[in-house]
Amino acid sequence: MTRTFIALELNESLQRYLGSVIDQAKQELPALHWVAPAGIHLTLAFLGELNDEQLASAMQAAQEAAQHIPPFEYRLKGLGVFGSTLQPRVIWMGVEDQPSAHLHGSPLEQLHRALNRELERRNFEVDKRPFSPHLTLARVKHPLSPEEQQSLQRLLHKKQAPSSLYPVNSLNVMKSELSRAGAKYTCLQECTLAR
Numbered sequence: 001m002t003r004t005f006i007a008l009e010l011n012e013s014l015q016r017y018l019g020s021v022i023d024q025a026k027q028e029l030p031a032l033h034w035v036a037p038a039g040i041h042l043t044l045a046f047l048g049e050l051n052d053e054q055l056a057s058a059m060q061a062a063q064e065a066a067q068h069i070p071p072f073e074y075r076l077k078g079l080g081v082f083g084s085t086l087q088p089r090v091i092w093m094g095v096e097d098q099p100s101a102h103l104h105g106s107p108l109e110q111l112h113r114a115l116n117r118e119l120e121r122r123n124f125e126v127d128k129r130p131f132s133p134h135l136t137l138a139r140v141k142h143p144l145s146p147e148e149q150q151s152l153q154r155l156l157h158k159k160q161a162p163s164s165l166y167p168v169n170s171l172n173v174m175k176s177e178l179s180r181a182g183a184k185y186t187c188l189q190e191c192t193l194a195r
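Take the sequence shown: its position 124, counting from 1, is numbered 124 in the working numbering, and each next residue is one higher.
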């Protein structure tokens, strides 16, 4: 069985930038579980444990979805949390792309929809919640102290995202291996977007 998800991997310059954000945030909130920059990705679909036949089917779905969307760019839009700002579960960096007249909306949302459609055609369960593109920076495993809550508020208000654009040319079928040292991610298949 292979623990599988489909995601956009980040280029090195974006990983370096997120590493600097995490390094600064760690000084204020050292007790949180911060993600290693090399392990950050933009998840489009989490599929869980798949057997070989299901994995092959997921790869076909990803390949088919990629063929419908041309390459595009996105930018970061600032920090946020899942959960309340006083007791968050996750701290993330938001992502947004530019609407495309050709695609009638956001290329990232269109890619997510195309992927879900292809996965559903192959009898995979897909997440029906609204898509909220983000990059997970930290997981919060314990209630925050009042001091940590104040530090988080400062971090959320002061950290501005750069205006740089980051290209998306492919989506990847990924394997996740969990261990005490943390998750290890391996690309099983790269699916190039339409040309």
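Glycine included, C-beta positions come from ideal geometry on N, C-alpha and C.
Residue range Thr2 to Glu9 is occupied by the beta strand (DSSP E) that includes Ala7. Taken atom to atom, the span from the alpha-carbon of Pro37 to that of Gln54 is near 29 Å.
Lys175 and Phe82 have their alpha carbons spaced roughly 24 Å apart. Note on Ala45: 16 or more other CB atoms within 10 angstroms of its CB, so buried under the neighbour-count rule. When only Cα atoms are considered, Glu177 and His157 end up about 34 Å apart. Measuring C-alpha to C-alpha distances from Arg129 to each of Leu171, Asn169, Gln153 and Arg113 identifies Arg113 as the nearest. With fewer than 16 other Cβ atoms inside 10 Å of its own Cβ, Leu165 counts as exposed. When the beta-carbon positions are compared, Leu108 and Pro143 stay at least 7 Å from each other. 7 Å or more divides the Cβ of Leu155 from the Cβ of Val35.
Runs of beta strand (DSSP E) with 3 or more residues, each lying fully within the segment 55-105, are found at 72-83 and 88-97, listed in chain order. Under the three-state reduction of DSSP output, Glu190 falls in the strand class.
In this structure, Ala25 is the residue among Gln63, Ser106, Ala25 and Pro99 with its C-alpha nearest to the C-alpha of Ile91. Residues Ser170 and Asn172 of the same chain have their beta carbon placed closer than 6 Å to that of Glu190, with the five preceding and five following residues left out of the count. For Asn123, the closest alpha carbon among the candidates Gly105, Ser151, Leu50 and Thr186 is that of Leu50. For Ser176, the secondary structure class from DSSP, reduced to helix, strand or coil, is strand. In this chain, the alpha helix (DSSP H) harbouring His112 covers Pro107 to Arg121. Nearest C-alpha to Glu148 among Leu29, Arg16 and Thr2: Leu29. Per the coordinates, the alpha-carbon of Gln60 lies some 30 Å from the alpha-carbon of Met93.
Considering only Pro99, Arg139, Asp127 and Lys77, the residue with the shortest C-alpha distance to His33 is Arg139.
Ranking Pro88, Glu73 and Ala58 by CA distance to the CA of Gln150 puts Pro88 first. Per DSSP, Gly182 is not a residue of any beta strand (DSSP E), being assigned neither H nor E.
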